[in-house]
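*Asks:* This is the structure I want to talk about, given as structure tokens.
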Amino acid sequence: MNEVQREYRRHYKLLRVLITTFRLDFVPASWLPLRILRLSLIPMMSAINFTCLLWLLGQSFNEGDMVTFSYGAIWVSATLQSVVKALTGIYYKEDYFECFNAAEELTRRRFDESVKDSVRKILAETIKLTKIIVSAQGLIFHATAFLLAFYAISTDRIYPLMYHIPFISPAGNHTFQWIGILLDLYTVLGGDFLFITMALQFRGELAIISELLGSATGATGSKFLHQVHQMHIDALRRLRTFHRIYYHLTFLQMISSFLLICLTTFMIRFHDVQVWAYAVLLCGLMQIFFLCLIGDILFEKASLISTALYLTKWYEMKLEDQGRLLIMIAMAQKPYGIKAAGLVDVSFFTFIEIIKLSVSYCAILFTLV
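The numbers in UniProt numbering rise by one with no breaks, and the one at position 215 of the sequence shown is 215.
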């Protein structure tokens, strides 16, 4: 086992632990109602937290306290993401595991000596890029969550933390809400971790297919082209599964990031807020930036396959092999990016449009206030 295989094995082992934690599969439960309770416990806790936060929004709006209202709206956005991402991890366990197994299988596959080093380099770059993005996002999100919690404890606007649950002691309120903060933080981070890993996995796989096609010549055997063709089919099939998993979640991500940017920009402009508001703004920008950047990368790598097919020495190949290439060219004609709810292409252009839209709405708010 080489270093790249060990890196992938450790990485995907962590992802399996993450999904097992979402589902609480490590808790023994043979009775059906207990299994249902086990699967729904984390989403249910997030849903209770979400309901309490909606009450906080109503109270602060009636009192005209826009800082607390915006603060609560930030947590509402985070908790909504937490619920949906936990449910996604729970419901699509088998689909996730299939993609994890395919990624690990790719590291064990034997390639021709002419492309072996290039493939290993692509795999190493993929896991390195994944770790860099996840680490950067994790660091910023941890800092922001604890800045928000510190603000809630130290301010006299909210008691205790974000809201007060009747008939529960102050210590019980603090305990429940700290659990809610940690649950939101790690569920959102875990959901983003899964998305980033899977998307970059497809980026690496499509890049490898392009590299293999680039090495194809007239002397290339039919068996080689058949293997590449099968790799392409499998990658596109799992890419469709990926689209199905994140069909609505990417749209929710865009809406929540847009609201975060609008609310925090509004607060920074009109209220004497602390550093946590800037941290929240950075989180909103970071989430939508990485989402759109990865969507752009996926589209580019899928397009490279079409280019690689056109550049092959197809005229030197057998008629049977030329037929395989024609099928792959037809399959590569369809653009394979990420489409949020079937409405919006997830790309860097979309990121710019969201920023422009946020600035426009903030300008309208500034004129109304």
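Cβ coordinates follow ideal geometry from the N, Cα and C atoms, glycine included.
Could you check whether residue 186 and residue 107 sit closer than 8 Å to each other, using their CB atoms as the reference points?
*Replies:* Within the sequence shown, residue 107 is the residue found at index 107, counting from 1. Within the sequence shown, residue 186 is the residue found at index 186, counting from 1. Going by C-beta atoms, residue 107 is not nearer than 8 Å to residue 186.
*Asks:* Please state if the CB of residue 213 and the CB of residue 138 are separated by a distance shorter than 8 Å.
*Replies:* Position 138 of the sequence shown, counting from 1, holds the residue named residue 138. Position 213 of the sequence shown, counting from 1, holds the residue named residue 213. No, the Cβ-Cβ distance between residue 138 and residue 213 is not below 8 Å.
*Asks:* Just the Cα atoms here: how many angstroms apart are residue 354 and residue 78?
*Replies:* Taking the sequence shown and counting its residues from 1, the one referred to as residue 354 is at position 354. Taking the sequence shown and counting its residues from 1, the one referred to as residue 78 is at position 78. One C-alpha to the other measures close to 19 Å.
*Asks:* Cα separation between residue 95 and residue 154?
*Replies:* The sequence position of residue 95 within the sequence shown is 95, counting from 1. The sequence position of residue 154 within the sequence shown is 154, counting from 1. Distance between the alpha carbons of residue 95 and residue 154 is about 44 Å.
*Asks:* DSSP puts residue 345 in a beta bridge; with which residues?
*Replies:* Sequence index remark: in the sequence shown, residue 345 carries index 345 (1-based). In the DSSP output, where bridge partners are listed per residue, residue 345 has 339.
*Asks:* Using 8 Å as the Cβ pair cut-off and three pairs as the minimum, do the stretch 188–202 and the stretch 237–255 touch?
*Replies:* Verdict: yes, contact present.
*Asks:* Quick one, are the C-beta atoms of residue 73 and residue 263 less than 8 Å apart?
*Replies:* Residue 73 sits at position 73 when you count from the first residue of the sequence shown. Residue 263 sits at position 263 when you count from the first residue of the sequence shown. Yes, the pair counts as a contact, with Cβ atoms nearer than the cut-off.
*Asks:* Alpha carbon to alpha carbon, how far is residue 361 from residue 12? Give it in angstroms, no decimals.
*Replies:* Translated into the one-based positions of the sequence shown, residue 12 becomes position 12. Translated into the one-based positions of the sequence shown, residue 361 becomes position 361. Cα to Cα, residue 12 sits roughly 41 Å from residue 361.
*Asks:* Tell me which residue opens and which closes the alpha helix (DSSP H) that residue 248 is part of.
*Replies:* Reading the sequence shown from its first residue, position 248 is the one you call residue 248. Taken as a continuous stretch (DSSP letters only), residue 248 belongs to no alpha helix (DSSP H), as it is neither H nor E.
*Asks:* Let me make sure I understand the geometry here. Which of 340, 52, 202 and 61 has the alpha-carbon closest to that of residue 292?
*Replies:* Position 292 of the sequence shown, counted from the start, is the residue given in the question as residue 292. For the residues 340, 52, 202 and 61, the minimum Cα distance to residue 292 belongs to 340.
*Asks:* Within 10 Å of its beta-carbon, does residue 150 have 16 or more other beta-carbons around it, so buried, or fewer, so exposed?
*Replies:* Here residue 150 refers to the residue found at position 150 when the sequence shown is read from its first residue. The residue in question, residue 150, is exposed, as its Cβ has fewer than 16 Cβ neighbours within 10 Å.
*Asks:* Rounded to a whole number of angstroms, what is the C-alpha to C-alpha distance between residue 35 and residue 253?
*Replies:* Start at 1 with the first residue of the sequence shown, and residue 35 comes out as number 35. Start at 1 with the first residue of the sequence shown, and residue 253 comes out as number 253. About 29 Å.
*Asks:* Roughly how many angstroms lie between the CA atoms of residue 364 and residue 285, to the nearest whole one?
*Replies:* Along the sequence shown, one-based indexing puts residue 364 at 364. Along the sequence shown, one-based indexing puts residue 285 at 285. C-alpha separation (whole angstroms): 20 Å.
*Asks:* Within 10 angstroms of the Cβ of residue 301, are there 16 or more other Cβ atoms? Answer buried if so, exposed if not.
*Replies:* As a first step, residue 301 is located in the sequence shown; it is residue number 301 there, counting from the start. Residue 301 comes out buried.
*Asks:* Can you tell which of 349, 307, 40 and 334 has its C-alpha closest to the C-alpha of residue 210?
*Replies:* Counting from 1 along the sequence shown, the entry for residue 210 is found at position 210. Per the Cα distances, 307.
*Asks:* Tell me whether residue 110 sits in a helix, a strand or coil according to DSSP, three-state version.
*Replies:* In the sequence shown, counting from the first residue as 1, residue 110 sits at position 110. Residue 110: coil per DSSP, three-state reduction.
*Asks:* Excluding the 5 residues preceding and the 5 following residue 98 in the sequence, name in chain order all residues of the same chain whose CB lies nearer than 6 Å to its CB.
*Replies:* As a working note, residue 98 is residue 98 in the sequence shown. Same-chain partners within the cutoff: there are none.
*Asks:* Between which two residues does the alpha helix (DSSP H) containing residue 20 stretch?
*Replies:* Residue 20 sits at position 20 when you count from the first residue of the sequence shown. Element bounds for residue 20: 3–23.
*Asks:* For residue 118 and residue 111, I'd like the C-alpha separation in whole angstroms.
*Replies:* In the sequence shown, the residue the question calls residue 118 occupies position 118. In the sequence shown, the residue the question calls residue 111 occupies position 111. Straight-line Cα distance between these residues: approximately 10 Å.
*Asks:* Does the beta-carbon of residue 351 have 16 or more other beta-carbons within 10 angstroms, so that it is buried, or is it exposed?
*Replies:* The residue you call residue 351 lines up with position 351 of the sequence shown. With 16 or more other Cβ atoms within 10 Å, it is buried.
*Asks:* In whole angstroms, what is the alpha-carbon distance linking residue 27 and residue 46?
*Replies:* Mapped onto the sequence shown, residue 27 falls at position 27. Mapped onto the sequence shown, residue 46 falls at position 46. Each residue's Cα considered, the two are about 19 Å apart.
*Asks:* Using 10 angstroms around the beta-carbon of residue 370, count the other beta-carbons present and answer buried if the total reaches 16, otherwise exposed.
*Replies:* The chain is shown only over 1 to 369; residue 370 falls outside these bounds and no answer can be derived.
*Asks:* Between the stretch 17–31 and the stretch 80–95, do at least 3 Cβ pairs fall closer than 8 Å?
*Replies:* Touching, yes.
*Asks:* Does residue 101 pass the burial test, meaning 16 or more other C-beta atoms within 10 Å, or should it be called exposed?
*Replies:* In the sequence shown, counting from the first residue as 1, residue 101 sits at position 101. The residue in question, residue 101, is exposed, as its Cβ has fewer than 16 Cβ neighbours within 10 Å.
*Asks:* If residue 194 and residue 32 are in contact, beta carbons under 8 Å, what's the gap, nearest whole angstrom?
*Replies:* Position 194 of the sequence shown holds residue 194. Position 32 of the sequence shown holds residue 32. Not a contact, Cβ separation roughly 27 Å.
*Asks:* Count the other CB atoms within 10 Å of the CB of residue 43; is the residue buried (16 or more) or exposed (fewer)?
*Replies:* On the sequence shown, position 43 is the one that residue 43 refers to. Its Cβ being crowded by 16 or more others within 10 Å, residue 43 is buried.
*Asks:* Exposed or buried, residue 64, counting other C-beta atoms within 10 Å across all chains shown (16 or more means buried)?
*Replies:* Here the question's residue 64 lines up with position 64 in the sequence shown. Exposed is the call here.
*Asks:* Is residue 365 helix, strand or coil when you go by DSSP?
*Replies:* As a working mapping, residue 365 is identified with position 365 in the sequence shown. In this structure, residue 365 counts as helix in the three-state DSSP scheme.
*Asks:* What is the rounded straight-line gap between the Cα of residue 122 and the Cα of residue 228?
*Replies:* Within the sequence shown, numbered from 1, the residue matching residue 122 stands at position 122. Within the sequence shown, numbered from 1, the residue matching residue 228 stands at position 228. If I take the Cα positions, the gap works out to 16 Å.
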